[in-house]
Each structure stands twice: as C-alpha cells, then as structure tokens.
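Trainee: Each residue of the sequence shown is one higher than the last, beginning at 36 in this note's numbering.
Each residue gets a CB set at the ideal place from its N, CA and C atoms; glycine is no exception.
Note that this is a predicted model, so its numbers are computed, not measured.
Pasting a structure below so you can have a look.
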Amino acid sequence: MRRLKLILEYDGTHFAGFQKQSGKVRTVQGVLEEALFQLTGEKINVVGAGRTDSGVHALGQVVHFETSSTIPEDRFPAALNGHLPSDMAVLEAAAVNASFHARYDALKKKYCYLVFNSRKPVAIWRRHCYHFPVPLDLSAMKECAQVFVGEHDFTAFSAVGSSVKSTVRHVFSMNIEKKGEWIRFISIANGFLYKMVRLMVGTLLEVGRGKLSPAQVKHILEEGKRGHGGPTVPPQGLYLVKVYYQADEEVNKGVCLDSGLPIP
C-alpha cells in the first residue's frame with residue numbers, strides 16, 4: 036500500500052459539498068471515491084484538507100488516500116480524470132509519507148471570494164460569483180479587513196453547526212482587490228470556521244455600503260456574539276484556492292498573495 040496526495044479542482048455548483056453523505060446526494064468525496072473504485076477496483080476512503088460547503092468551488096483542494104494500485108504518480112491524474120465528470124479534475128498527484136494527513140498537516144489555507152459589483156446583469160459568471168449591485172466604499176472595506184488580521188476568537192463570524200473544539204483562528208492576511216467591476220476578497224489563515232469567510236465578506240460589504248463602520252466590526256469581533264455582523268454571502272462566490280504544507284516554498288517565505296483567479 037502507498038499513500039497518494041491529489042490536488043483537485045472542481046466546480047461546486049452541482050455538488051452538495053465535499054463530505055460524503057448517505058443516500059444519492061452528489062458530493063465531491065463520493066464522486067471521487069467512485070472514480071477511484073472504477074480505476075483501481077478498490078474501495079478507497081478519501082480524506083480532504085477541508086470540507087467545502089454546497090456550491091463552493093475549489094482550485095486547489097488536497098486529498099490523500101491509500102492504494103495498492105501500481106499506476107505511476109505522473110500518470111495517475113490522466114488515468115483518474117478518465118473516470119471523473121467534467122466538473123471535477125485532478126491537477127496533480129504525488130506519493131507522500133505514510134504519516135501525511137491532508138487535513139491535520141495543513142498549515143494555511145487560502146480562500147477567495149469573488150464579487151461582481153455592477154448594476155449590469157451577469158449571466159456567464161452567475162454561478163461563480165456574487166452579484167452585488169450596490170456602490171461600495173473600497174477604502175473603508177480595506178480598512179475594516181485589517182480588523183480580522185491576527186489571532187482572534189471568531190465565534191461572531193461563524194455559523195452554528197460545527198463541532199470544532201476551539202473557535203480561535205489566526206488570519207494571516209485579508210486583502211481586497213478591485214479590477215473594473217470585479218472585487219475579490221482573499222483570506223489566508225491557519226484554518227476557517229464554518230461559513231467564516233462568507234460571514235466576513237458579508238460584513239465587509241455592509242461596511243462598503245455604509246451600514247457598518249470598522250469600529251463596529253471590531254466591537255462585534257471582540258464581543259463574540261453571532262448575528263451582529265453582516266449576512267452570510269452566497270456560496271457560489273467562494274473558492275478554496277490553495278492549501279499550504281510545510282514543504283511549500285510559499286509558506287516558508289510567507290508569500291501568499293496571488294489568488295490565482297482569472298478575473299475578466
């Protein structure tokens with residue numbers, strides 16, 4: 036048996052999240068395990084770095100699993116992609132140490148949230164961004180974004196439904212970039228709570244439209260009560276961009292700014 040690590044890309048539109056569920060619910064884990072069975076003939080359990088929610092996309096989800104298959108690592112992506120649907124693809128495969136764990140060994144995760152900030156309608160990107168037609172104060176949002184940076188208890192920016200032992204997370208950066216009518220929110224942290232990114236972005240949009248101030252958001256964070264910030268923005272604008280491990284050069288240098296998203 037050997038342990039393999041895969042980097043996956045998927046369009047979350049027609050997936051009910053990453054984690055396998057009972058019944059005929061279509062999930063990333065379920066589809067991937069079925070494809071692995073078709074390829075190897077083995078019933079394989081896949082472990083993911085993060086459990087993306089229904090509708091959330093991934094450009095760099097990481098999983099690991101064990102297999103007795105002799106398919107070389109460099110040929111594994113092409114072989115497995117032949118059994119995967121068009122809305123999921125294996126980008127890379129590598130053999131890893133038997134102790135490697137996609138979730139527990141992750142040091143940082145990068146998420147990006149994409150907003151189309153225009154009064155014009157959006158058709159092609161409607162399932163891959165959040166259409167927010169209200170004028171926004173970008174400088175106020177950028178100022179407020181720094182409130183989230185550092186180690187904090189993010190209870191106020193999490194949703195009920197998680198079983199985590201601690202709600203303390205370290206956000207290394209929260210950047211906002213604007214290009215034409217597109218805005219992307221890029222956050223890197225050692226981990227994220229349930230719906231944390233979507234709640235932070237929803238709050239920043241409320242700041243941008245003048246409904247909240249950076250000082251109020253700071254108070255909400257420190258107070259630690261749910262429901263006092265902005266709304267939870269829809270899942271279709273959220274992307275898991277990358278998961279960082281000790282061997283990643285970008286982690287060691289702390290250079291993690293480019294989101295990698297092809298914004299028009």
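Under three-state DSSP, which class holds A128?
Mentor: Numbered from 1 along the sequence shown, position 93 holds the residue referred to as residue 128. Note: A128 maps to strand in three-state DSSP.
Trainee: Helix or strand or just coil, what does DSSP make of L39?
Mentor: Translated into positions along the sequence shown, residue 39 becomes position 4. Three-state result, L39: strand.
Trainee: Within its chain, find whatever has a CB closer than 7 Å to the CB of K78; leave out the 5 residues flanking it on each side and keep chain order.
Mentor: The residue given as residue 78 occupies position 43 in the sequence shown. If we look at K78 and ignore the five residues flanking it on each side, its Cβ neighbours are F72.
Trainee: Taking DSSP's pairing of strands, which residues face C147 in a bridge?
Mentor: Your numbering for residue 147 matches position 112 in the sequence shown. DSSP, once it has assigned bridges, lists I221, Y274 as partnering C147.
Trainee: Which residues in the same chain have their Cβ closer than 8 Å to the Cβ of G58, if we skip the five residues on either side of it in sequence?
Mentor: Sequence index remark: in the sequence shown, residue 58 carries index 23 (1-based). The answer is none, since no qualifying residue turns up.
Trainee: Once the 5 residues before and after E178 are set aside, which same chain residues still bring their CB inside 7 Å of it?
Mentor: On the sequence shown, position 143 is the one that residue 178 refers to. These residues qualify, in order along the chain: P249.
Trainee: By a C-beta neighbour count over all protein chains shown, 10 Å radius and 16 as the cutoff for buried, is V195 buried or exposed?
Mentor: Indexing the sequence shown from 1 puts residue 195 at position 160. V195 should be labelled exposed.
Trainee: Within a Cβ cutoff of 8 Å, which residues of the same chain sit near D109, ignoring the five residues on either side of it in sequence?
Mentor: Numbered from 1 along the sequence shown, position 74 holds the residue referred to as residue 109. A128, listed in sequence order.
Trainee: Where M176 and V252 are concerned, what is the direct C-alpha to C-alpha distance, given to the nearest angstrom?
Mentor: Mapped onto the sequence shown, residue 176 falls at position 141. Mapped onto the sequence shown, residue 252 falls at position 217. Roughly 11 Å between the two C-alpha positions.
Trainee: Is there contact between the region 264 to 277 and the region 84 to 96, where contact requires at least three CB pairs shorter than 8 Å?
Mentor: Contact holds: three or more Cβ-Cβ distances are below 8 Å.
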